[in-house]
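Peer 1: Okay, so the sequence shown: first residue is 1 according to my numbering, each after it adds one.
After the structure tokens below, expect a handful of questions from me.
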Amino acid sequence: MPGPNHAHLAVLKLSDPAVAAARRTLLEGGRLTQEEGVRLFDSPVLELGRLADACARDRHGDRVYFTVNRQLNPTNVCVLSCRFCDYAKKPGAPDAYTMTKEQILAHVDPEIHEIHIVGGLHDKWRFDDYLDVIRWVKERKPGLQVKAYTAVEVDFFCRLTKKPAEWVLEELRKAGLDALPGGGAEVFSERVRRELFHQKIGGHRWLEIHEIAHRMGIPSNATLLYGHIETRAERVQHMILLRELEDRAPGFLAFIPLAFQPGATGIVRRQASAIEDLKTIALSRLVFDNVPHVKSYWVMLGQDTASVALNFGASDLDGTIGQEKIAHAALARSPVGMAEEAMVQAIREAGKIPVQRDALYHVVRTYDAGGAADGGATAATAGAAPGAGAR
Ligand code: V47
Ligand code: SF4
């Protein structure tokens with residue numbers, strides 16, 4: 001992967017001394033340390049955003065990526081009880097569900113390029129049931145890219161089968177897995193884990209599973225759940241641990257800060273402010289000199305903040321999604337899905353060029369830059385060769 005040039009960074013004028021110092025560090029090929037990252041959180045948000053936007057533009061020009069995808073959550077039955085999760089239900093609970101094959105296949109729309117599969121740790125399912133979900137989806141649409149099962153689920157499959165992660169990942173790949181999603185990472189802090197998700201794997205195991213996947217050639221994403229009881233120092237520490245993993249075993253496609261939805265969890269009274277969201281997105285872009293994309297996940301940020309974040313270092317808007325369930329179980333106010341035209345329009349309104357991608361960032365279609373807000377999607381280029389991924 002070629003590193004970014006510094007054309008935008010080189011000409012950027014900044015007035016805040018700490019942000020200007022960060023610019024000099026990055027321009028000289030240096031990296032932000034934990035201490036610098038934490039201090040930058042106190043800098044003016046617009047200065048941080050200008051620096052992060054210059055970094056994103058040096059990598060991707062004005063291109064912002066999205067995909068036409070569906071989220072498939074085959075079951076909300078989960079044997080764990082993470083305090084922040086309003087989605088999971090106990091076996092036998094009145095609102096617990098497990099989809100049939102027909103219900104699963106109904107998510108495989110002909111026009112999608114990616115399916116994102118994630119769900120609960122079911123008390124009755126065997127590993128083969130989870131493999132079947134991928135097999136059925138792949139049989140219905142062989143070209144569809146499958147981003148499925150978090151490291152938490154992979155670890156659960158290891159315990160179900162008593163096999164190592166390499167074996168489990170190879171079976172998933174044989175069934176049709178193309179990439180791992182970034183969920184389940186939460187925040188790599190033992191203090192927070194003890195408080196909010198003590199039954200779930202910790203940071204060490206999450207990082208180990210993604211490292212194994214990357215070494216096997218399976219790319220993945222990484223998330224950070226923020227805006228609950230974590231500190232800013234824990235957020236930056238989380239990013240640096242991921243940056244170190246990417247140095248050791250490259251394979252991350254995108255980093256995705258997930259804004260905690262308080263819902264009925266009682267953990268905090270309200271969601272992080274839009275300023276805190278934008279600072280977290282900008283900081284991510286500045287810390288990750290080795291991960292191609294920072295994703296502005298509109299489902300949890302809300303459409304307005306997600307759109308503004310495209311000028312604060314984010315270069316990806318995830319996808320159209322369809323029926324999102326996890327954030328909406330926690331009362332997220334964003335729509336449950338977004339049409340392709342609305343995605344194109346949001347990207348254009350941010351002054352950027354919409355690019356439709358598949359799960360592995362191969363370009364499906366580039367829309368013209370002319371910001372006509374009529375949603376008219378005129379293809380400038382289409383069907384770029386596989387391998388033309390925007391890494
Ligand atoms: O791991 C659970 C989080 C994650 C809440 O890889 C919550 O492209 C906010 O990881 N408020 C699943 N978040 C979603 C996820 C994801 C989403 C989009 C794209 C990708 C990708 C990955 O959702 C869980 C957990 O961290 N979560 N409850 C909540 N109340
Ligand atoms: Fe289960 Fe995942 Fe919810 Fe935890 S976050 S309770 S593992 S579905």
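C-beta: ideal position from N, C-alpha, C; glycine also.
With a Cβ-Cβ cutoff of 7 Å, do LEU225 and LEU258 count as a contact?
Peer 2: Yes; because the gap between Cβ atoms is below 7 Å, this pair is in contact.
Peer 1: For a minimum of 4 consecutive residues, which ranges assigned as the alpha helix (DSSP H) are wholly contained in the stretch 204 to 266?
Peer 2: Runs found: 232 to 248.
Peer 1: Looking only at its own chain, which residues have a Cβ that is under 6 Å from the Cβ of GLU47, when we skip the five neighbours before and after it?
Peer 2: Closer than 6 Å at Cβ, skipping near neighbours: LEU14, ASP16, VAL19.
Peer 1: Any chance you could list the beta strand (DSSP E) runs of at least 3 consecutive residues sitting entirely within the stretch 77 to 130, in chain order?
Peer 2: For the stretch 77 to 130, whole beta strand (DSSP E) runs of length 3 or above, ordered along the chain, are 114 to 117.
Peer 1: Taking only runs that begin and end inside the stretch 281 to 365, name each unbroken alpha helix (DSSP H) of 4 or more residues, in chain order.
Peer 2: The stretch 281 to 365 contains these whole alpha helix (DSSP H) runs: 298 to 301, 303 to 308, 326 to 329, 340 to 349.
Peer 1: Does the ligand SF4 have even one heavy atom less than 6 Å from the beta-carbon of ALA88?
Peer 2: Checking every heavy atom of the ligand SF4 against the Cβ of ALA88, one is found closer than 6 Å.
Peer 1: Check whether the stretch 298 to 311 touches the stretch 84 to 92, taking contact to mean three or more Cβ pairs, one atom from each stretch, closer than 8 Å.
Peer 2: These segments do not touch.
Peer 1: Among ALA274, LEU51, MET338, VAL154, which one has its Cα closest to the Cα of GLY183?
Peer 2: Considering only alpha carbons, the answer is VAL154.
Peer 1: Quick one: give me the first and last residue of the beta strand (DSSP E) that ASP53 is part of.
Peer 2: That residue, ASP53, is in no beta strand (DSSP E); its alpha helix (DSSP H) goes 45 to 60.
Peer 1: Among GLN323, LEU177, VAL299, which one has its Cα closest to the Cα of ALA359?
Peer 2: Nearest C-alpha to ALA359: LEU177.
Peer 1: With H, G and I counted as helix, E and B as strand and the rest as coil, what does DSSP make of GLU35?
Peer 2: Looking at GLU35 - three-state DSSP - the assignment turns out to be helix.
Peer 1: Is LEU80 near the ligand SAM, with its Cβ less than 6 Å from a heavy atom?
Peer 2: Absence of the ligand SAM from the depicted structure is noted, with the ligand V47 and the ligand SF4 being the only ligands included.
Peer 1: Of all the options ARG159, VAL168, PHE312, which has the alpha carbon lying nearest to the alpha carbon of ALA148?
Peer 2: The option with the nearest alpha carbon to ALA148 is VAL168.
Peer 1: If you measure from the CB of ILE209, is any heavy atom of the ligand V47 nearer than 6 Å?
Peer 2: Not so, every heavy atom of the ligand V47 lies at least 6 Å from the Cβ.
Peer 1: Which value, in whole angstroms, describes the spacing of the CA atoms of CYS78 and ARG39?
Peer 2: Going by the C-alpha atoms only, they are around 39 Å apart.
Peer 1: Rounded to the nearest angstrom, how far is the Cβ of TRP136 from that of LYS101, given a contact under 8 Å?
Peer 2: With 8 Å as the limit, TRP136 and LYS101 qualify as a contact, their Cβ atoms being about 6 Å apart.
Peer 1: Keeping to the same chain, check which residues put their C-beta closer than 8 Å to that of GLY337; ignore five residues upstream and five downstream.
Peer 2: Answer for GLY337: THR320, ILE321, GLY322, GLN323, GLU324, listed in chain order.
Peer 1: What are the start and end residues of the alpha helix (DSSP H) that includes THR161?
Peer 2: First-last of the alpha helix (DSSP H) with THR161: 151 to 161.
Peer 1: For ALA272 versus ILE209, is the C-beta spacing smaller than 7 Å?
Peer 2: Not a contact, by the Cβ cut-off of 7 Å.
Peer 1: Name the DSSP bridge partner or partners of GLN145?
Peer 2: According to DSSP, GLN145 bridges with GLU114.
Peer 1: Which residues bound the beta strand (DSSP E) around VAL64?
Peer 2: Residues 63 to 67.
Peer 1: For ASP277, count neighbouring Cβ atoms within 10 angstroms of its own Cβ and tell me buried if that reaches 16, exposed if not.
Peer 2: Per the 10 Å Cβ criterion, buried.
Peer 1: By a C-beta neighbour count over all protein chains shown, 10 Å radius and 16 as the cutoff for buried, is ALA22 buried or exposed?
Peer 2: Buried, since its Cβ has 16 or more Cβ neighbours within 10 Å.
Peer 1: Starting from LEU177, trace the beta strand (DSSP E) in both directions and tell me its first and last residue.
Peer 2: Run containing LEU177: 177 to 179, per the beta strand (DSSP E) assignment.
Peer 1: Are the CB atoms of ARG83 and LEU242 within a distance shorter than 7 Å?
Peer 2: Against a cut-off of 7 Å, the Cβ pair of ARG83 and LEU242 comes out as no contact.
Peer 1: If you reduce the DSSP assignment to three classes, tell me which class PRO17 lands in.
Peer 2: Helix.
Peer 1: Is LEU160 near ILE117, with beta carbons less than 7 Å apart?
Peer 2: No, the pair does not count as a contact, with Cβ atoms beyond the cut-off.
Peer 1: LEU196 by DSSP, collapsed to three states: which one?
Peer 2: DSSP places LEU196 in helix when its eight states are reduced to three.
Peer 1: Please classify THR67 as buried or exposed, where buried requires at least 16 other C-beta atoms within 10 Å of its C-beta.
Peer 2: Buried: at least 16 other Cβ atoms inside 10 Å.
Peer 1: If you measure from the CB of THR98, is any heavy atom of the ligand V47 nearer than 6 Å?
Peer 2: For the ligand V47, not one heavy atom lies less than 6 Å from the Cβ of THR98.
Peer 1: Using the Cα positions of GLN356 and VAL364, report the straight-line distance between them to the nearest angstrom.
Peer 2: Distance between the alpha carbons of GLN356 and VAL364: 5 Å.
Peer 1: Name the DSSP beta bridge partners of LEU72, please?
Peer 2: According to DSSP, LEU72 bridges with ILE117.
Peer 1: In its own chain, which residues sit with a C-beta less than 6 Å from the C-beta of MET99, not counting the 5 before and 5 after it?
Peer 2: Answer for MET99: PRO74, listed in chain order.
Peer 1: Quick check on the burial criterion: 16 or more other C-beta atoms within 10 angstroms. Buried or exposed for GLU340?
Peer 2: Classification for GLU340: buried.
Peer 1: Within its chain, find whatever has a CB closer than 7 Å to the CB of LEU32; leave out the 5 residues flanking it on each side and keep chain order.
Peer 2: Result list for LEU32: ALA22, THR25, LEU286, VAL287, in chain order.
Peer 1: Classify ALA106 as buried or exposed, calling it buried when 16 or more other Cβ atoms lie within 10 Å of its own Cβ.
Peer 2: Exposed.
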